[in-house]
Amino acid sequence: MLKDSNSSDEISGRAGAQFDFTDSLMGYATYARGYKGPAYNVFFNMGPNNTAVIDAETADAYELGLKSSLLDGRMILNAAAFSAKYDNFQANNFLFLNGTLITTLTNAGKVSTEGFEVDFQAQPTDAFSIGGGIAYADAKVDKFFTPPGETPTIESGSKLPLAPEWKASLNGSYRITLSSFDITPTLLFNYTDDQYADLITKSRTDLLDIVKIPSYSTVDLSVAIADKDDHYRLTLIGRNLTDESFAALVTRGGPAGAPRLQIPREADRYFGAEFRINFGR
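Here this note's numbering is used: the first residue of the sequence shown is 383, the next is one more, and so on.
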């Protein structure tokens, strides 16, 4: 039986400033210091290289943003740019132990992520509303931690796992008013860019191709039927109407070197219904 202990102290916190340019336009800037304590990988039949402590992770994050109200309050438009740098980043690493897939932690060294996001919500009429957003993030390894005497395994500039560069969404709803109840259909579109499921150096394109999760998009539709006081509400739900299959995770080690795919419930088209009674009205 292996026994070990570790302790660590660190300061974390957040500070920010806000400036109102006008009654409908506000700007802000924030700085945050984050901390994640040391950790151990704990599972049976651990090798010596898996028993070392995972060092504490620290992060310095900066954000600049604008929040605005336009068209007499009928539209909200927000934008932000961010940058974060991590030291001793604790990354998930997938490996097979005695034929079983396990997740271990590893110190990936110095990593960074930079990007921006824009979102809006608008109500052109009392019945129609539309909203959406787009986000870009470049998350990569700046300097990989390599134990003394070992050859570096991850090159600078390699992509972090499960970090798509682009994500986008768009939604719209329209309320149809009838004499005794309202019908509100809502359409939702989501897009997720290519990403990699494991931390692999950028020059090993053969391995990157195995753990690559291709981009995918989904379309959802719901139709809500409610009485005028919203005492009763029936919602008909359709998820992934285009029946687009996608993976939540891809790992190596399948039969004959094939990848193993973890397929979420949302990767198949399905339908449902929800009925709600509001006793508070």
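Built from N, CA and C at the ideal position, the CB exists for glycine as well.
Smallest Cα separation from residue i: which of the options?
i, options, result
"Leu-631", "Ala-608, Leu-570, Arg-642, Val-493", "Arg-642"
"Phe-526", "Lys-541, Gly-514, Ala-461, Ala-519", "Lys-541"
"Tyr-413", "Asp-588, Gln-577, Arg-647, Ala-399", "Ala-399"
"Leu-603", "Asp-588, Ile-619, Lys-594", "Ile-619"
"Trp-548", "Thr-587, Thr-495, Leu-560, Lys-584", "Thr-495"
"Thr-617", "Thr-587, Val-605, Ser-627", "Val-605"
"Glu-656", "Glu-648, Phe-502, Arg-615, Tyr-444", "Arg-615"
"Ile-592", "Pro-543, Phe-401, Phe-498", "Pro-543"
"Arg-586", "Thr-535, Phe-502, Val-601, Glu-648", "Thr-535"
What is the DSSP secondary structure of residue i, reduced to helix, strand or coil?
i, result
"Ile-592", "helix"
"Asp-508", "coil"
"Asp-625", "coil"
"Ala-455", "One detail in the question is off: residue 455 reads as Gly in this sequence, not Ala. The answer is helix: DSSP assigns Gly-455 an H, G or I state."
"Ala-640", "coil"
"Thr-535", "coil"
"Ala-438", "coil"
Rounded to the nearest angstrom, what separates residue i and residue j at their Cα positions?
i, j, result
"Tyr-652", "Ala-504", "29 Å"
"Ala-434", "Gln-472", "13 Å"
"Leu-459", "Ile-512", "12 Å"
"Asp-469", "Gly-539", "15 Å"
"Ile-645", "Ile-582", "22 Å"
"Ser-597", "Arg-634", "19 Å"
"Thr-507", "Pro-546", "35 Å"
"Tyr-410", "Ala-517", "18 Å"
"Ala-660", "Phe-510", "A small correction: the amino acid at residue 660 is Asn; Ala does not occupy that position in the sequence shown. Between Asn-660 and Phe-510, the C-alpha separation is close to 24 Å."
"Arg-456", "Ala-519", "29 Å"
So residue i packs on residue j, CB below 8 Å; how close in whole Å?
i, j, result
"Ala-463", "Val-493", "About 18 Å separates the two Cβ atoms, so there is no contact after all."
"Ser-394", "Ser-451", "Not really, about 33 Å apart at Cβ, beyond 8 Å."
"Ala-629", "Asp-564", "With a Cβ gap of about 39 Å, Ala-629 and Asp-564 do not count as contacting."
Say whether the stretch 574-588 touches the stretch 606-626, bearing in mind that this needs 3 or more beta-carbon pairs closer than 8 Å, one atom from each stretch.
-> no
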